[in-house]
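K.L.:
Residue numbers (our numbering): 1495 to 1565.
#1: Can you look up residue 1518 in the DSSP assignment and give me helix, strand or coil?
#2: Using only the alpha-carbon positions, how far apart do residue 1515 and residue 1548 sit?
#3: Return helix, strand or coil for residue 1548, following the three-state DSSP convention.
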């Protein structure tokens, strides 16, 4: 009986490479999806804060111009 060539480190046959199971792939996809959604929400909140800050700055500039016209 012939022995199949084996991997010296593991002793397993060379062609017996372990792949990912369906459960592992689904767990990884779930984790990446959660991270992606979290990043998206954070970016949307940052853009909303930026827009509000710009609006506030514009209001402050208008008020400063009105005050300078009055003086």
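For every residue, glycine included, the Cβ atom is placed at its ideal position computed from N, Cα and C.
P.N.:
So, to answer that:
#1: helix
#2: 50 Å
#3: Of the three classes helix, strand and coil, the one that applies to residue 1548 here is helix, per DSSP.
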